Amino acid sequence: MAEEKKYYGTGRRKSSVARVWISAGKGVILVNGIAVEEYMPYATLVQNLKQPLTLTGTDGKYDIHADVNGGGFTGQAEAIRLGIARALLEAGEDRKTLKVAGMLTRNARSKERKKYG
Numbered sequence: 008m009a010e011e012k013k014y015y016g017t018g019r020r021k022s023s024v025a026r027v028w029i030s031a032g033k034g035v036i037l038v039n040g041i042a043v044e045e046y047m048p049y050a051t052l053v054q055n056l057k058q059p060l061t062l063t064g065t066d067g068k069y070d071i072h073a074d075v076n077g078g079g080f081t082g083q084a085e086a087i088r089l090g091i092a093r094a095l096l097e098a099g100e101d102r103k104t105l106k107v108a109g110m111l112t113r114n115a116r117s118k119e120r121k122k123y124g
């Protein structure tokens, strides 16, 4: 049996790092082995995470597996979103749509160090 094609993307936000694999499927999204609706505490984070899929019209076309660590839920959701966008790009989805929406740009803001005095 031929192995299905998997596409990989990495996303980072604040101190969160997400490694994302997508493959053709029914739209199942797993984060650290748990369904995304159970893992993320807020529906807005799930909606934010799925943005690249809805923009390209591929919602329900790919199964997504994400390993994420570090940071809080918001940073993790945005890191996964960037990882999904980069993996979709590797899978051959429309680059212009993702670029115009700002899905391929890493949000470089992070916590500034504490100054004494």
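Residue numbers (this note's numbering): 8 to 124. Ideal Cβ positions, reconstructed from N, Cα and C, are used throughout, including at glycine. If you're wondering where the values come from, they're calculated on a predicted model, not measured in any experiment.
| Query | Result |
| --- | --- |
| Rounded separation between S23 and K12 - CA only | 26 Å |
| Sub-8 Å separation of Y15 and E100 beta-carbons | no |
| For L105, the nearest candidate out of R93, I29, R116, N114 (CA to CA) | R93 |
| Cβ pair count under 8 Å reaching 3, the segment 42-60 against the segment 68-84 | yes |
| Beta-carbon proximity list for L62, same chain, < 8 Å, skipping 5 on both sides | T104, L105, A108, M110 |
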